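Asks: Right, I'll just put the structure down here and ask away after.
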Amino acid sequence: MLALSITVVLCLIVVNGALAMSELAVVSARSSRLRAMAEDGSRGAQAALELAADSGRFLSSVQIGITMVGVVSGAFSGATLGRPLGAALAGLGVPADWAPTLGTTLVVAVITYLSLIIGELVPKQIALRDPEAVAARIAIPMRWVARIAAPLVWLLDASQDAVLRALGLNQQGEEGVTDEEIRMTIAEAERSGVLKTAERVMIAGVMGIADRRAADLMTPSGQIDVLYLDQSPEQMMERLRGTEHGRLPVLETEDGPVLGILPVRTALTAHDAGTSAEELRALIREAPRVAPETGVLAVIGDLQTAPVHMVLVMDGERLAGAITGMDVLEPIAGTFRDEGSDAPAVIERDMGGHLVAGWMPAEQFAKSFRIELDPEEGSARDFETVAGWVLHRLGGIPQEGQSFEADGRIIEVADMDGMHIDKLLVTRTQPRKPDRRTAPSRRG
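Going by the UniProt record's numbering, 227 is the number at position 227 of the sequence shown; the sequence numbering is gapless.
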């Protein structure tokens, strides 16, 4: 009889472990992997997906099972194992007044220990190591458990709702994930090494760009090349040959209406073939037009469907600016150097120090200023430019004026373009003057 009681208690502990393991496995399993397993013919994976789809009822069923197992295990073990153990202790010389209590206490302690190890910790570790495989194996029997417990779950849910209504409380739906929670998760991923600093900066750029407007991204009309059709053919051809851009906005006159976009290469090819300047009008292509306050996501949609990869920003009938795919990419990935740009990477200042462009290659910067980029042996490099190196050193997006020291140089962030480093100021550290009171004296 004692052996049977011990067997029953151990079985209850194992059942508790199975319930705890199934709960964590189904909750932790990735839906994408379960769907792939289900498409490969796994009935267990399909059952796990069904349980996860109605996780509230499933978790309630598991909790009912765990509670019932705990109650039965405690009552059964105390009644059937505590007394025999107390009698055995009394036979070993333990005072009769103490033996029953001591026996029950020892039984509860042992069962609590086994419940924690076999009924909780080990099963949950197994579930966490391969949640999809565990969920697929245990989902079918757990689906039957959920069906059997469904009436009790309904009763408990109804009772809970009644109590909440009596207290004047309304049930709250699940809160969506907030931007702050996403940013905290990304920051934690960077600290743990899952994300590199450059990746985290790009993700932050993606999250921030959705809140911006067309006016924030556009290149103003005064800074872009524009073709006017009231110019002479020679002037128009000179403008087309002299531009570094692949397409130009076309206006009838300087103050006239915007006609569209002219592909430069197509226009030059047509002119070389003998097409007159007037016939260039037929080559003008329509481009999407948006207001300055248009959201960036709408602008991206227009760029994706536009026949030319340019969106015109219109302030009424006037051209306010233009947006290309590069204008959208730069807030995310950083500023790109123009192919035709002759701007030097390093400029020596009259007052001392050097201004360094953020796009300067990191290796070239290190060689020019004799700075070791990776002082730690075996450190992984996740940057190519000096701006990327500064982000790596500072561990995040800096503020203008923020600085650090490296190999006898002070690296200061001189100019920021949004979230990206545009210019750095590099100066020598001031040599420290020796303290006469502590400097060693020379004796001949």
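Using N, Cα and C, we set each Cβ at its ideal position, and we do this for glycine too.
Bear in mind that the values here come from a model prediction, so they are computed numbers and not experimental data.
#1: First and last residue of the alpha helix (DSSP H) that includes residue 181?
#2: Determine whether the beta carbon atoms of residue 400 and residue 413 lie at a separation below 7 Å.
#3: Quick check: the Cα distance between residue 340 and residue 357, rounded to an integer number of angstroms?
#4: Express the C-alpha separation of residue 120 and residue 94 in angstroms, rounding to a whole number.
#5: Measure the C-alpha to C-alpha separation of residue 312 and residue 299 and round it to an integer number of angstroms.
#6: Compute the beta-carbon to beta-carbon distance between residue 44 and residue 137, rounded to the nearest angstrom, for a pair I have assumed lies under 8 Å.
#7: Looking only at C-alpha atoms, which of 227, 252, 58 and 306 sits nearest to residue 157?
#8: Would you mind sorting residue 115 into buried or exposed? The rule is 16 or more other CB atoms within 10 Å of its CB.
#9: Considering only residues of the same chain and omitting the five flanking positions on each side of residue 28, which have a CB-CB separation below 6 Å?
#10: From residue 444 to residue 355, what does the alpha carbon distance come to, in whole angstroms?
#11: Starting from the C-beta of residue 23, find all residues in its chain whose C-beta is less than 7 Å away, skip the five residues before and the five after it, and write them out in chain order.
#12: What is the DSSP secondary structure of residue 295, reduced to helix, strand or coil?
#13: Let me know if residue 255 comes out buried or exposed under the rule of 16 or more other beta-carbons within 10 Å of its beta-carbon.
#14: Could you check if residue 257 is buried or exposed, using at least 16 other CB atoms within 10 Å of its CB as the buried criterion?
#15: Classify residue 361 as helix, strand or coil using the three-state DSSP reduction.
#16: Using the Cα positions of residue 416 and residue 198, report the straight-line distance between them to the nearest angstrom.
#17: Going by DSSP, which residues form a beta bridge with residue 290?
#18: Please report the residue range of the alpha helix (DSSP H) in which residue 392 lies.
#19: Less than 7 Å between C-beta atoms, sequence neighbours within five positions excluded: which residues of the same chain meet that for residue 219?
#20: Going by the CB atoms, is the gap between residue 32 and residue 81 shorter than 7 Å?
#21: Quick one: grab the DSSP three-state call for residue 348.
#22: Per DSSP, what are the beta-bridge partners of residue 323 in this structure?
#23: For residue 512, count neighbouring C-beta atoms within 10 Å of its own C-beta (all shown protein chains included) and say buried if the count is 16 or more, exposed if not.
#24: Could you round the C-beta distance between residue 315 and residue 292 to whole angstroms and report it? I think they count as a contact, below 8 Å.
#25: By DSSP, does residue 426 sit in helix, in strand, or in coil?
Replies: Well, looking at it:
#1: 179-191
#2: yes
#3: Residue confidence for residue 340 is low, a pLDDT of 47 falling below 50, so the modelled location carries little weight; the figure read from the coordinates is stated next. Their backbone Cα atoms lie some 16 Å apart in a straight line.
#4: 34 Å
#5: 10 Å
#6: 6 Å
#7: 58
#8: buried
#9: 131
#10: Only weak support exists for where residue 444 lies, its pLDDT of 38 falling under 50; the value from the coordinates is given anyway. For residue 444 and residue 355, the distance between alpha carbons rounds to 47 Å.
#11: 59 and 62
#12: strand
#13: exposed
#14: exposed
#15: strand
#16: 16 Å
#17: 313
#18: 386-394
#19: 321, 322 and 327
#20: no
#21: strand
#22: 311
#23: Residue 512 cannot be examined here, being either before or after the span of the chain that is shown, 1 to 444.
#24: 6 Å
#25: strand
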